[in-house]
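Residue numbers (the working numbering): 2 to 692.
These notes are about the structure you will find just below.
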């Protein structure tokens with residue numbers, strides 16, 4: 002019904018066979034009905050003519066959902082508020098419709114995009130980038146080094162002055178690439194050498210990292226240890242801090258003794274807090290509990306030709322359960338740490354403890370935390386403040402080089418990028434030794450403390466200097482070795498075969514540098530008998546550096562048969578190569594027994610992996626000699642008389658520590674299969690029952 006008008010509509014039946022009308026047809030019908038209504042009702046037509054679309058409000062009023070007076074160019078509200086007034090029809094974003102390729106501006110964009118795509122294709126064809134279809138694992142391990150720039154740091158250890166920020170991963174040079182140090186130090190890379198093809202499976206050839214490949218096989222975490230309360234655990238803090246001062250600190254002097262002594266006294270009197278000082282005291286107690294104080298290294302007289310009769314490693318007085326209790330309490334305070342020197346020292350101590358506990362990845366995470374926080378701290382300070390106060394400068398310098406040293410120690414066994422802390426261009430080539438009076442803990446030499454200290458372990462100024470000599474010597478050895486290895490391994494195995502004389506020259510120079518470092522280091526020890534631990538560490542680092550320096554020549558000697566004929570004819574050249582290769586084998590003969598007779602310390606994981614690499618050297622020389630003995634006129638190698646016993650000693654080393662980390666167990670099983678295969682080829686019994 003309508004007001005004053007009545008309309009009649011007739012409903013016609015729709016036949017089932019009638020054709021369906023298209024949407025356009027329906028639209029035409031609607032228009033016809035509307036026109037009919039306008040003719041029938043003039044008032045309705047008048048209304049349609051009067052009704053117009055309201056003007057669109059400005060963007061500001063539309064956002065506020067308020068009425069706009071549409072004053073141009075600026076409405077009243079925008080004029081009062083002093084804001085920009087934009088209307089949709091004048092806004093530059095009014096035509097956000099589909100992409101029109103016919104538009105000249107759009108056509109220009111397409112042209113530029115095509116040009117960029119062409120440039121990317123050219124770069125890809127030159128091999129400068131990694132194809133997107135390759136996996137991250139392949140691109141990381143398989144990409145060859147493109148940059149062959151010389152060493153950025155001389156062997157003297159002087160660091161360049163630089164005020165630039167840390168470069169990104171893409172900007173870092175080859176000396177910062179972890180692939181170089183990793184392949185130069187790891188045993189995993191040796192598994193790819195063709196000399197081992199007869200005793201290794203195809204899957205074992207493609208092992209990138211025993212640790213990283215075994216992450217999914219890691220056992221579940223153990224339940225948290227007991228909590229450190231206010232009773233026995235707190236009462237033990239003075240004794241354990243004293244043990245840390247006398248044993249742990251001299252191996253890695255990263256804390257301030259005076260400050261740690263004061264923190265320990267405060268904790269003993271006031272109890273544990275939730276701050277950095279309490280965390281540092283707990284970490285010192287954890288390290289002291291995990292360290293043995295009764296280790297005496299093997300002497301040359303103790304090592305006989307019958308390696309199966311080597312004495313077992315000494316019993317340790319380390320208490321890992323107690324150490325875990327203190328460390329768990331310290332870890333609960335990590336969330337309260339910031340960027341103070343004490344907080345950074347806590348992460349360095351935590352990383353050191355993880356290395357004692359054979360948790361290398363957790364140690365790497367802690368060292369990265371320390372490096373990142375130290376970088377934030379150093380960037381927040383001006384250069385003048387670094388050198389204004391001697392004590393302050395010494396502490397910052399010690400933290401800086403401790404972070405660098407920790408990353409270098411781990412990067413030789415883990416193919417991971419460093420924090421980039423070295424790019425800060427720190428002014429000191431080495432940390433500075435601050436001559437301070439020893440802490441008052443030397444007055445606690447009474448019988449009330451149940452910690453027995455051997456002669457030669459009294460904390461005095463002389464002992465503090467000896468600890469610093471070891472600390473500085475370790476940094477110098479690591480930096481020198483890394484620079485030498487980066488120089489020798491930058492081109493890899495292909496580079497060695499292209500220029501063997503250059504490799505021999507570099508190897509001789511590297512051997513001379515490392516030998517000079519070792520002689521200077523041991524010259525600072527007045528009485529080696531009273532300092533067997535320092536001699537033990539210096540000697541171990543020296544022989545470990547030699548093993549990596551000799552490894553390229555050992556590779557060339559092991560693959561002499563596959564060399565081109567014109568290269569094999571240079572007898573004088575190969576005389577030097579096989580001389581270095583024989584040195585590599587003899588060096589491993591000395592290392593394997595000493596790697597077996599070890600105690601729990603910060604570098605134990607590196608030592609175990611080095612034992613695996615030395616065993617690969619022994620197996621390699623046996624496999625080579627089996628082939629060389631069948632080929633008249635070829636170069637011969639001297640195989641150790643009891644080579645099978647040497648490999649079994651390495652297997653015993655891996656077996657002894659296999660329960661600590663799953664990657665050590667995988668390494669042990671791999672070496673055992675290779676040893677059994679070599680024994681079959683050599684027609685001898687493996688005698689695995691003697692392990």
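Where a beta carbon is used, it is the ideal one built from N, C-alpha and C, also for glycine.
- Per DSSP, residue 322 is one residue of the alpha helix (DSSP H) stretching across 321 to 332.
- Secondary structure at residue 636: coil, using DSSP grouped into helix, strand and coil.
- Within the same chain, Cβ atoms closer than 7 Å to the Cβ of residue 650 are found at 308, 311, 593, 594, 597, the five residues on either side in sequence being excluded.
- Note on geometry: alpha-carbon atoms of residue 665 and residue 657 lie some 10 Å from one another.
- Residue 473 has its alpha-carbon roughly 11 Å from the corresponding atom of residue 539.
- In the three-state reduction of the DSSP assignment, residue 72 falls in the coil class.
- When C-beta atoms of the region 396 to 412 are compared with those of the region 637 to 649, fewer than three pairs fall below 8 Å, so the two segments do not count as touching.
- For residue 629, the uninterrupted alpha helix (DSSP H) segment begins and ends at 605 to 629.
- Here residue 377 carries a helix assignment [DSSP, helix/strand/coil].
- With a contact defined as Cβ atoms closer than 8 Å, residue 550 and residue 219 miss out at about 34 Å.
- Remark: three or more beta-carbon pairs, one from each stretch, lie closer than 8 Å, so the region 545 to 559 and the region 497 to 512 are flagged as touching.
- In the three-state reduction of the DSSP assignment, residue 243 falls in the helix class, which pools H, G and I.
- DSSP places residue 685 outside both helix and strand once states are collapsed to three, so it counts as coil.
- About 5 Å separates the beta carbons of residue 283 and residue 330, which is inside the 8 Å limit, making them a contact pair.
- Judged by DSSP secondary structure, residue 572 falls within the alpha helix (DSSP H) whose first and last residues are 572 to 597.
- Where residue 294 is concerned, there is no enclosing alpha helix (DSSP H), because DSSP gives it neither an H nor an E.
- Taking C-beta atoms under 8 Å as the contact rule, residue 292 and residue 319 qualify, at a distance of about 6 Å.
- With the rule of 3 Cβ pairs closer than 8 Å, the region 480 to 488 does not count as touching the region 563 to 575.
- Separation of the CB atoms of residue 286 and residue 327 is rounded to 4 Å, and the pair is thereby assigned contact status at 8 Å.
- The Cβ atoms of residue 182 and residue 412 sit closer than 9 Å to each other.
- Here residue 540 carries a helix assignment [DSSP, helix/strand/coil].
- Going by DSSP, residue 511 is part of the alpha helix (DSSP H) stretching over 501 to 524.
- Beta-carbon to beta-carbon, residue 288 and residue 355 are separated by about 11 Å, too far to satisfy the 8 Å threshold.
- When DSSP states are grouped into helix, strand and coil, residue 213 belongs to the helix group.
- By the C-beta density criterion, residue 300 is exposed, having fewer than 16 other C-beta atoms within 10 angstroms.
- The continuous alpha helix (DSSP H) containing residue 567 extends over residues 566 to 569.
- For residue 342, the enclosing alpha helix (DSSP H) covers residues 342 to 357.
- Of the other Cβ atoms in all chains shown, 16 or more fall within 10 Å of the Cβ of residue 201; this residue is therefore buried.
- Only residues of its own chain outside the window of five on either side were considered, and among them 617 have a CB closer than 6 Å to the CB of residue 191, listed in chain order.
- Exclusion of the five residues before and after residue 334 leaves 275, 280 as the residues of its chain whose Cβ lies within less than 6 Å of its Cβ.
- Residue 671 has its alpha-carbon roughly 20 Å from the corresponding atom of residue 586.
- The beta carbons of residue 298 and residue 537 sit closer together than 9 Å.
- With a cutoff of 9 Å on beta-carbon distance, residue 324 and residue 290 are scored as near each other.
- Nearest to residue 419 by C-alpha distance, out of 630, 477, 179, is 179.
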